[in-house]
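Engineer:
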Amino acid sequence: MAECVERGAPSWKEEDRLDVLRSFGILDTDPEPAFDEIVQIAAQICNVPIAAVSFVDEHRQWFKAVLGYGAREIQLDLSICVHALSGGDVLVIPDTTADPRSANNPLVTGPPGLRFYAGALLATEDGVPLGTLCVLDVTPRPQGISQAQADALQALAQAVMRQLELKQVNLALAHSQRRLRDTADAMPQMIWAADPDDSNSYYNQRWYEFTGLPKSLADRDQWHDVVHPEDRDRVLSKWRRCLMLGTDYEAEYRLRHRTGDYRWILGRACPIRNDEGIIVRWVGTYTDIDEAKKTEVALAESEERYRALVEASTAMVWRAAPDGSILHGWGWENFCGQSSEDYRGSGWLNAIHPEDRTRTIQTWSELRADKRAGTIEYRVRQRDGSYRWAHARAVPLLADDGSIREWVGTITDIHERKQAEEDLWRTANHDALTGLPNRVLFQLRLDQALQAAKQNDGRVSLLLIDLDDFKDVNDSLGHDAGDALLIETASRLAGLIRDGDTVARFGGDEFAVLLVNPPKPGYAMGLAEIMTKRLRQPFAYDGRLLVSRASIGVASFPEHDRQPTELMKDADIALYRAKAEGRNRVMVYSPAMKALAEKRLTLGRDMREAISRDQIIPVYQPKVCLSTGQIIGLEALARWRQTEGDLLTPSVFGAAFDDPEIATAMGKRLIGKVASDLRRWLDGGLSPGRVAVNLASAEFSEPAMADEILRILNLVKVPLTHFEIEVTESVLLDGRSGAVAAALMKFREQGVQIALDDFGTGYASLTHLKQFPVDHIKIDRSFISNLEQDAGDEAIVAAVIGLGRNLGIQVTAEGVETSGQEQRLRELGCHNAQGYFFAKPMLASSVPAFLAAWPHVTS
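Using this note's numbering, read the sequence shown as starting at 916 and increasing by one per residue.
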């Protein structure tokens, strides 16, 4: 009877045992004949009905092969084999009911009623147990098994392990082959293998993707068929020679791609030899080098073109050593006349313009230090001693270690381009008419001057200049005369400034002067006064003498603002003040002026709001015929009605009329209201005569102004013979004389009369009375107020009345406040008068009662 040899404590850990078991990959695999046969032999040898090859993991006993038992696995707590793992080589239990390890096992106490067990250990060579080859019976065997049977079980157990180890080797081999194939298929190269007789036995997936050939042809020499016909003989001859000699193979040729095109490849192969040196295999690769080949061809063609281009180019091409020393230059002698020998090394610097040489050397040194490409522009001396602009480009060629191997570059003649750039710069930064700097260049110099002054505690003064009479000259004598005046002004201003100062023309009749570090306090003011005197001096043009006056605004740093934009605003505010004070004068900026300017802005905002709220209304003052005492018409005067009911006169808001937008909007509102009032009076049976409305100069900037006013009048069905337009002399002189004349003529043609308001206060000449369609002259109140005391005023008034009488133009005196003034005007033959003597301006609602109460004849 064979006995079980007990072992000591196991030398393995359970987790290590389980790892070894899993490494064989045997668990849960399908039945295999080899294992089934071993189980049958074991059952026959031991004459038992049940036998199994089983393996034990952490949860169960699993049967790879089993005879006489229906299950493929049992729970671990039902396993008898588990005791064999820590026992001897063969565990024998003659009677399972008598052994405490199995007596209470359900498979013993219940079906199938196992009563005998013998199991040979399945263990690795280093003794790690994996399972058992076991035999079982349903009847006890007190004598166990014989020694021969035990030896046979152990031999069969070793056969199981050999089978298991073979399976593991085959599995590893399969995995290795799969990895090798997968690696080969993943490689960008085409890989192949061939037997010693040149019969190909393997191509990787990349081969089939490239050629498009079917895998069914893998057993023949596919590659012969896809080699380009022009390359085939050469390639095969070389391959056969390598086969015969057993040497490595390498060749470049074209293979047919799956698209039908041929692509260049690099084919390589080497022999694999056994220990005896006999070739047992050829392996090789095909690498797609088509792009590289095309690049190589393109590079060769490019080099050929480059050589031809260098020879034909007007640009000079050069090479230099890493330290910048010129090695060779092609075309330099043709470019500037310096010989190639003189050019080499640093000799080329001798031909560089002295003003450019230091900058060129510095830039060239920086490029070498930074190892970067760059460009330099400089002037090169020519054979005749003149200089021409050149554009040099340098590019470093780097070695593998990052050091500069050499420099290459070109030099191009850019003289014409530089001249064009200079001309373009001058055009962009200078006034075309006068040649002076324009606003752009002036602003740049102002910025630079202020920045330098802030850094060096310097001073800067700014003068803004407007010609007071330019529009008169331009309108009366034409644009040629205006241009001559501007050119003369520019010349006179430029002749009064120091070197380093700037005179600029901003456009129109606007000039500016920049004084950098004036030599003494008050210098700017003194120079401005000199400029006004110099500009007043007449100059001859086309057989006549032209005289011009100027208004000048002055602002300085650091007394005033510190920023260029703000300093310009200060000077502009001062210029505005000079014009408001009567022109032909110099004003220095003060904070009070800024307050007035801000007040104008506030007024503009308030007036826009007043217009939107319909707070601008007309009041009416009658005009009386001095010979009959009859009311011949009314003048509509604008008033600003406050929330509390007060009416403000234009003395408060008249400055807002300088804004075309405000003047146009206010004019439309006012005319609409006047038209409605006039229509209502006429419908009530009243005869107010002609109602006059004053149009501001800014309103004539709107091209369709006359059409819009006529549309409003026609919309409310006002007879145009009841309407009159008043304009001041300044409107006739405003530079829009053509537009003004056209608008006034359109009014006249529709029956609207034209009145010239405030006559005698402006600069209108008598020719304007013939140039414009004037029906009515209104003498300004300034001549009427002292009519009885001032003989001069009386003479002027008498002259205007006589002028009107001779030209057939009605004359109305404004501002009549006393009976003496009224009496004297009647004696002088004045046609009409208006003023407080007759009536103060009144609301539209008061006009009907006033007209009804007015006597038809003076007393």
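Ideal Cβ placement from N, Cα and C applies to all residues, glycine included.
Express the C-alpha separation of Val1198 and Lys1153 in angstroms, rounding to a whole number.
Structural biologist: Taking the sequence shown and counting its residues from 1, one reaches residue 1153 at position 238. Taking the sequence shown and counting its residues from 1, one reaches residue 1198 at position 283. Roughly 16 Å between the two C-alpha positions.
Engineer: In the DSSP assignment, what residue or residues form a beta bridge with Val1431?
Structural biologist: By 1-based counting over the sequence shown, the position of residue 1431 is 516. Val1375, per the DSSP bridge assignment.
Engineer: Under 7 Å Cβ to Cβ from Ala1439, same chain only, skipping five residues before and after it: list those, please.
Structural biologist: On the sequence shown, residue 1439 is found 524 positions in, with the first residue counted as 1. Hits under 7 Å: Ser1376, Leu1378, Leu1430, Pro1433, Val1469, Ser1471.
Engineer: Is it the case that the region 937-951 contacts the region 1018-1027, given that we only count it when at least three CB pairs across the two stretches are under 8 Å?
Structural biologist: no
Engineer: Helix or strand or just coil, what does DSSP make of Arg1561?
Structural biologist: Walking along the sequence shown from the start, residue 1561 turns up at place 646. This sequence places Asp at residue 1561; Arg is not what is there. Three-state result, Asp1561: coil.
Engineer: Run through the DSSP bridge pairs and tell me what Lys1693 is partnered with.
Structural biologist: The residue given as residue 1693 occupies position 778 in the sequence shown. Answer by DSSP bridge pairing, in chain order: Thr1727.
Engineer: Report the partner residues of Tyr1782 according to the DSSP bridge assignment.
Structural biologist: The question about residue 1782 has no answer, for the chain in this structure spans 916 to 1774.
Engineer: Please name the residue or residues paired with Trp1154 in a DSSP beta bridge.
Structural biologist: For the purposes of this step, residue 1154 is taken as the residue at position 239 of the sequence shown. In the DSSP output, where bridge partners are listed per residue, Trp1154 has none listed.
Engineer: Between Gly1230 and the rest of its own chain, which residues show a CB-CB distance below 6 Å, the 5 nearest in sequence each way excluded?
Structural biologist: On the sequence shown, residue 1230 is found 315 positions in, with the first residue counted as 1. In the sequence as presented, Gly is not what sits at residue 1230; that position holds Ala. Thr1325, Thr1327, listed in sequence order.
Engineer: Please work out which residues of its chain come closer than 8 Å, Cβ to Cβ, to Arg1360, disregarding the five sequence neighbours upstream and downstream, and give them in chain order.
Structural biologist: Here residue 1360 corresponds to residue number 445 of the sequence shown, with the count starting at 1. Excluding positions up to five away in sequence, the list reads Pro1352, Thr1417, Leu1429.
Engineer: Suppose the cutoff is 6 Å on Cβ atoms and the five residues either side in sequence are ignored; what does the same chain contact list for Ala1764 look like?
Structural biologist: To locate residue 1764, count along the sequence shown from 1; it is residue 849. Cβ within range, chain order: n/a, list empty.
Engineer: Helix, strand or coil: which one does DSSP assign to Gly1650?
Structural biologist: Within the sequence shown, residue 1650 is the residue found at index 735, counting from 1. Low local confidence applies: a pLDDT of 49 at Gly1650 is under 50, so the model's placement there is unreliable, with the coordinate-based value given in what follows. In the structure shown, Gly1650 sits in coil (DSSP, three-state: anything other than H, G, I, E or B).
Engineer: Among Arg1149, Leu1442, Tyr1117, Gly1458, which residue has its Cα nearest to the Cα of Leu1411?
Structural biologist: Looking up residue 1411 in the sequence shown gives position 496. Closest option to Leu1411, Cα to Cα, is Leu1442.
Engineer: For Trp1122, which of helix, strand or coil comes out of DSSP?
Structural biologist: Along the sequence shown, read from residue 1 onward, the residue named residue 1122 stands at position 207. The answer is helix: DSSP assigns Trp1122 an H, G or I state.
Engineer: In this structure, does DSSP put Asp1387 in helix, strand or coil?
Structural biologist: For the purposes of this step, residue 1387 is taken as the residue at position 472 of the sequence shown. It is helical.
Engineer: According to DSSP, what are the bridge partners of Gln1668?
Structural biologist: Counting from one through the sequence shown, the residue named residue 1668 turns up at place 753. Paired residue(s): Glu1639.
Engineer: Just the Cα atoms here: how many angstroms apart are Leu942 and Leu1079?
Structural biologist: On the sequence shown, position 27 is the one that residue 942 refers to. On the sequence shown, position 164 is the one that residue 1079 refers to. One C-alpha to the other measures close to 11 Å.
Engineer: Measuring alpha carbon to alpha carbon, tell me which of Lys1494, Ile1627, Asp1390 ends up nearest Gly1653.
Structural biologist: The sequence position of residue 1653 within the sequence shown is 738, counting from 1. Of the listed residues, the one whose Cα sits closest to Gly1653 is Asp1390.
Engineer: Can we say the region 1742-1749 touches the region 1711-1721, given the rule of at least three CB pairs closer than 8 Å?
Structural biologist: Yes: at least three Cβ pairs fall under 8 Å.
Engineer: Helix, strand or coil, according to DSSP, for Ser938 in the structure here?
Structural biologist: The sequence position of residue 938 within the sequence shown is 23, counting from 1. In the structure shown, Ser938 sits in a helix (DSSP, three-state: H, G or I).
Engineer: Excluding the five sequence neighbours on either side, which residues of its own chain have a C-beta within less than 6 Å of the C-beta of Leu1382, listed in chain order?
Structural biologist: Here residue 1382 refers to the residue found at position 467 of the sequence shown. Cβ-Cβ distances below 6 Å link Leu1382 to Asp1424, Ser1463, Ala1465 in the same chain, with the five nearest sequence neighbours on each side left out; the list follows chain order.
Engineer: Would you call the region 1604-1619 and the region 1570-1577 in contact, with 3 or more CB pairs under 8 Å?
Structural biologist: Judged by Cβ distances under 8 Å, the region 1604-1619 makes contact with the region 1570-1577, as three or more pairs qualify.
Engineer: Indicate whether Leu1029 and Leu1037 have their beta-carbon atoms separated by less than 8 Å.
Structural biologist: Start at 1 with the first residue of the sequence shown, and residue 1029 comes out as number 114. Start at 1 with the first residue of the sequence shown, and residue 1037 comes out as number 122. Cβ atoms of Leu1029 and Leu1037: not closer than 8 Å.
Engineer: Give the DSSP-derived three-state secondary structure of Phe1765 in the structure shown.
Structural biologist: Reading the sequence shown from its first residue, position 850 is the one you call residue 1765. Of the three classes helix, strand and coil, the one that applies to Phe1765 here is helix, per DSSP.
Engineer: Using the Cα positions of Trp1769 and Asn1609, report the straight-line distance between them to the nearest angstrom.
Structural biologist: Locating residue 1769 in the sequence shown gives position 854, counting from the first residue. Locating residue 1609 in the sequence shown gives position 694, counting from the first residue. So the alpha carbons of these two residues sit roughly 25 Å apart.
Engineer: Is the beta carbon of Ala986 less than 8 Å from the beta carbon of Asp951?
Structural biologist: Mapped onto the sequence shown, residue 986 falls at position 71. Mapped onto the sequence shown, residue 951 falls at position 36. Result no, Cβ atoms of Ala986 and Asp951 do not sit closer than 8 Å.
Engineer: Three-state secondary structure (DSSP) at Thr1404?
Structural biologist: As a first step, residue 1404 must be located in the sequence shown, where it is residue number 489. Three-state result, Thr1404: helix.
Engineer: Starting from Trp1279, trace the alpha helix (DSSP H) both ways and give me its first and last residue.
Structural biologist: Stepping through the sequence shown from its first residue, residue 1279 is reached at position 364. Element bounds for Trp1279: 1269-1285.
Engineer: Kindly say whether Asp1004, judged by its beta-carbon, lies nearer than 8 Å to any beta-carbon of chain B.
Structural biologist: Structure shown: chain B not included; a single protein chain is present.
Engineer: In the DSSP assignment, find the unbroken beta strand (DSSP E) run with Ile989 in it and report its ends.
Structural biologist: Translated into the one-based positions of the sequence shown, residue 989 becomes position 74. Taken as a continuous stretch (DSSP letters only), the beta strand (DSSP E) holding Ile989 covers 988-990.
Engineer: Would you call the CB atoms of Arg1053 and Pro1027 closer than 8 Å?
Structural biologist: The residue you call residue 1053 lines up with position 138 of the sequence shown. The residue you call residue 1027 lines up with position 112 of the sequence shown. Note on identity: in this sequence residue 1053 is Val, with Arg being the wrong assignment. A contact, by the Cβ cut-off of 8 Å.
Engineer: I need the straight-line Cα distance from Ala1035 to Val1005, nearest angstrom please.
Structural biologist: Locating residue 1035 in the sequence shown gives position 120, where the first residue counts as 1. Locating residue 1005 in the sequence shown gives position 90, where the first residue counts as 1. Cα to Cα, Ala1035 sits roughly 4 Å from Val1005.
Engineer: Which of helix, strand or coil does DSSP assign to Phe1357?
Structural biologist: Counting from 1 along the sequence shown, the entry for residue 1357 is found at position 442. If DSSP states are grouped into helix, strand and coil, Phe1357 belongs with the helices.
Engineer: Applying the criterion that 16 or more other CB atoms from any shown protein chain within 10 Å of the CB defines a buried residue, is Asp1672 buried or exposed?
Structural biologist: Counting from 1 along the sequence shown, the entry for residue 1672 is found at position 757. With 16 or more other Cβ atoms within 10 Å, it is buried.
Engineer: I'd like the list of long-range same chain contacts for Asp1238, defined as Cβ closer than 8 Å, with 5 residues on each side in sequence excluded.
Structural biologist: Against the sequence shown, residue 1238 aligns to sequence position 323. Apart from sequence neighbours up to five positions away, the residues of its chain that approach Asp1238 with a beta-carbon distance below 8 Å are Arg1283, ordered along the chain.
Engineer: Can you give the beta carbon distance from Ile1577 to Arg1523, rounded, assuming they're within the 8 Å contact cut?
Structural biologist: Along the sequence shown, read from residue 1 onward, the residue named residue 1577 stands at position 662. Along the sequence shown, read from residue 1 onward, the residue named residue 1523 stands at position 608. Rounded, the Cβ-Cβ distance is 6 Å, consistent with contact.
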